[in-house]
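A.B. asks: Residue numbers (the working numbering): 66 to 245.
Pasting in a structure now, in structure tokens, and then I'll have a few things to ask.
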């Protein structure tokens, strides 16, 4: 999450983030709303969960927005009562089992430190980016009048946009990186 330095009050935005992360209560108020009104706390499988009270529609809640992801913090997150507790198990295990983040016991990707140099495929990458610029955001935000037709066109255009050329160059660079 980045705040534009030329914004009117970037320091106020950072202060807000610091406030959110200062306590479970602050975090819950932003992410879940008002306890007893928009959420209730409960327990399931030994884990504290949040529940929507009767009459509160999750699908209409701003807290289900993809745009909320920058505010997610593992130390404060509470799984929903209807969801899979196991999906959160790693977050809980990291807090309970510090060896999971210990570099001596943690798996490190063999591609750590690799950066794809797109210069050799600059034209192909630009072509794919132009297709995304034409369709991607409109499709992602539901702004297409004929979304299925636009999606088909988007997929067809991407299929014709030299993905294989980019893939081959990426693999060449990975092979070079791995064999250094």
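Where a beta carbon is used, it is the ideal one built from N, C-alpha and C, also for glycine.
(1) Using 8 Å as the Cβ pair cut-off and three pairs as the minimum, do the region 194-205 and the region 214-231 touch?
(2) According to DSSP, which residues form a beta bridge with residue 106?
(3) In or out: residue 102 buried (at least 16 other Cβ within 10 Å) or exposed?
(4) Cutting at 8 Å between CB atoms, please list the residues of its own chain near residue 154, excluding the five before and the five after it.
(5) Does the beta-carbon distance from residue 192 to residue 240 come in below 8 Å?
(6) Can you name the start and end residues of the alpha helix (DSSP H) that residue 224 belongs to?
(7) Which two residues bound the contiguous alpha helix (DSSP H) that contains residue 82?
(8) Looking only at its own chain, which residues have a Cβ that is under 6 Å from the Cβ of residue 91, when we skip the five neighbours before and after it?
(9) Rounded to the nearest angstrom, what separates residue 113 and residue 174 at their Cα positions?
C.D. replies: For this structure:
(1) yes
(2) For the purposes of this step, residue 106 is taken as residue 41 along the chain shown, with counting starting at 1. Paired residue(s): 115.
(3) By 1-based counting over the chain shown, the position of residue 102 is 37. Burial call: exposed.
(4) The residue labelled residue 154 in the question sits at position 89 within the chain shown. With a pLDDT of only 47 at residue 154, under 50, the local geometry of the prediction cannot be trusted, and no value is derived from it.
(5) On the chain shown, position 127 is the one that residue 192 refers to. On the chain shown, position 175 is the one that residue 240 refers to. Not a contact, by the Cβ cut-off of 8 Å.
(6) Along the chain shown, one-based indexing puts residue 224 at 159. From DSSP, the alpha helix (DSSP H) with residue 224 extends over 212-224.
(7) Working through the chain shown from its first residue, we reach residue 82 at position 17. That run of the alpha helix (DSSP H) goes 75-85.
(8) Numbered from 1 along the chain shown, position 26 holds the residue referred to as residue 91. Only 84 and 85 meet the Cβ criterion.
(9) To locate residue 113, count along the chain shown from 1; it is residue 48. To locate residue 174, count along the chain shown from 1; it is residue 109. Going from the Cα of residue 113 to the Cα of residue 174 covers about 33 Å.
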